[in-house]
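One structure is given below, encoded as structure tokens.
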């Protein structure tokens, strides 16, 4: 199968016992080290998330959320939803002025951000 013209290497990569791919080689190395030391894919994914927060913060951050499907060795599987939640005190209008128009920068700077 031919590789994408945007691939980092000219040939498809294949892993026998695991593989870690990220947008930053140091974060990938962290994930590989976790696997080498006996960690599983979830352990590696968590470690990579922390590493990316340091070496490539534009890729996401510790405060981000997401979804994960996990398949265990015994065949069981589960799904995690760890999306962010708004604080209980938040309202639909907290970033709007008295006329219902967005307050410029209110979600970027200050106590409401």
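Numbering (the working numbering), first residue to last: 3 to 115. The C-beta atom is built at its ideal place from N, Cα and C for all residues, glycine as well.
Asked, Found
"Look at the alpha carbon of residue 58 and the alpha carbon of residue 31, and state the distance between them as a whole number of angstroms.", "13 Å"
"By alpha-carbon positions, which one of 61, 62, 19 ends up nearest to residue 43?", "19"
"Identify the residues that DSSP records as bridge partners of residue 69: which are they?", "83"
"Please state whether the Cβ-Cβ distance between residue 51 and residue 64 is less than 8 Å.", "yes"
"Determine whether the beta carbon atoms of residue 91 and residue 61 lie at a separation below 8 Å.", "no"
"Taking all protein chains shown into account, do 16 or more other C-beta atoms lie within 10 angstroms of the C-beta of residue 56, making it buried, or fewer, making it exposed?", "exposed"
"Is the beta carbon of residue 54 less than 8 Å from the beta carbon of residue 29?", "yes"
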